[in-house]
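Peer 1: The structure's right below; bear with me while I get my questions together.
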Amino acid sequence: MGVALQKKKTCLAERDISVEIPGIGFFMTATLIVMRSYHRATAAARQVEKAMTWIPTVHVSLPVVCHFRAHEDPSMTDKMESLRLLSSEVEVLDLAATGCLSDNTMTTMIAKKFAPDPTRIVGSANLVNVILGNNFAVDHAGVKTLFFSASAERVMIPVNCNGNHWCSIMIDFAEQKLFYYDPMESTYKLGLRAAAQSIKSIVPGWQSRTARVQPCTSTLGVRTDSYSCGIYVLVTFEVFSGAVSPGIVDKKTLQHLRYRYLSMCMQMNFFAQSLIDV
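Numbering (UniProt numbering), first residue to last: 1 to 278.
Dropping the structure here:
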């Protein structure tokens, strides 16, 4: 479907601009905004409904290690129904079922999870980007700000590869080791390692001969799909911070972990003063 915009003159307000959809007619900007909001709200409502249908299928009583054990929240569905459909709050439902975590959900989740511990520093998801092959981009200035804290012992950086696959980079200052983690052992690993090497060069006080960049040895197993990589990264961050690993993650355990993170988000006022409503 073709869309033709009238050329905007400097003397025209946005509300005075119209859009022509060939074969249908002209629509004012205000009308298009309403239509867009309607479609966003409809999609969000479907996401809420899907998440509410998913909750009863989760094995909340599944035996997992104590640290990663979920606790049933009877008010979960009520909290979902109270989400504002036209706000970023709905992104929290990425954690349910088979959702792929957005940058906002990942960044805010780890920030709130590790905020109480000043020795654990987390970076945002926009610091490192990896594309297929050895192509990568690192915001060195942004990464350097993570090293300012004198109490920092470990740094964790989520990496959204090409916008559809979560990996991570983790720094252990005491051991002078920098780990890179790819839950799927995919072709992104080459670029991820190159990005880790780039970060190593700017870590203050590290001796190049003794500091090491190495793959993270995970006990969670290897993922065969990309939509759950974000959950594996969250779990790996917690294990890196001292938690006991839950071991090999099967389908039931994966859904249990998703429920745990979703419940945590709902209980800690996840999106308050963290994500910008749009």
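The beta carbon of each residue, even a glycine, is placed where N, CA and C say it ideally should be.
Mapping DSSP to helix, strand and coil, what is Gln6?
Peer 2: Confidence at Gln6 is low in this model, with a pLDDT of 49, below 50, so its placement is unreliable and the value that follows should be read with caution. Of the three classes helix, strand and coil, the one that applies to Gln6 here is coil, per DSSP.
Peer 1: Is it buried or exposed, Asn134, if we count other Cβ atoms within 10 angstroms and call 16 or more buried?
Peer 2: That one is exposed.
Peer 1: In whole angstroms, give me the CA-to-CA distance for Ile276 and Val90.
Peer 2: Caution is warranted here: a pLDDT of 36 is assigned to Ile276, below 50, making its placement in the model unreliable, and the coordinate value is therefore given only provisionally. In a straight line, the C-alpha of Ile276 is about 12 Å away from that of Val90.
Peer 1: State the Cα-Cα distance for the pair Pro118 and Ala152, rounded to the nearest angstrom.
Peer 2: Rounded to whole angstroms, Pro118 to Ala152 spans 7 Å at the Cα level.
Peer 1: Under a Cβ-count criterion, where at least 16 other Cβ atoms within 10 Å of its own Cβ denotes burial, should Phe26 be classed as buried or exposed?
Peer 2: Per the 10 Å Cβ criterion, exposed.
Peer 1: Helix or strand or just coil, what does DSSP make of Ala125?
Peer 2: Reduced to three states, the DSSP call for Ala125 is coil.
Peer 1: Note down, in chain order, each residue of its chain lying with its Cβ closer than 8 Å to the Cβ of Leu32, except the 5 sequence neighbours on either side.
Peer 2: Contacts found: Val19.
Peer 1: For Val222, collect the residues of the same chain with a Cβ closer than 8 Å to its Cβ; drop the 5 residues on either side in sequence, then sort them by chain order.
Peer 2: Excluding sequence neighbours, Val222 sits near Pro183, Met184, Glu185.
Peer 1: Here's the rule: buried if 16 or more other CB atoms are within 10 angstroms of the residue's CB, otherwise exposed. What is Arg36?
Peer 2: Looking at its Cβ environment, which holds fewer than 16 other Cβ atoms inside 10 Å, Arg36 is exposed.
Peer 1: Tell me the DSSP secondary structure of His67 in three-state form.
Peer 2: Of the three classes helix, strand and coil, the one that applies to His67 here is helix, per DSSP.
Peer 1: Count the other CB atoms, across all protein chains shown, that sit within 10 Å of the CB of Phe148; report buried if there are 16 or more and exposed otherwise.
Peer 2: Label assigned to Phe148: exposed.
Peer 1: Quick check on the burial criterion: 16 or more other C-beta atoms within 10 angstroms. Buried or exposed for Pro22?
Peer 2: Classification of Pro22: exposed, given that the 10 Å Cβ count is below 16.
Peer 1: State the DSSP-derived secondary structure class of Cys167, mapped to helix, strand or coil.
Peer 2: Strand, per DSSP.
Peer 1: Please give the ranges of any alpha helix (DSSP H) in the region 137-167, keeping only runs that are unbroken, at least 4 residues long and fully inside the region.
Peer 2: Fully enclosed alpha helix (DSSP H) runs of 4 or longer: 140-144.
Peer 1: Along the chain, where does the beta strand (DSSP E) that runs through Val213 open and close?
Peer 2: Residues 212-215.
Peer 1: What residue range does the alpha helix (DSSP H) around Tyr227 cover?
Peer 2: No alpha helix (DSSP H) holds Tyr227; DSSP gives it neither H nor E.
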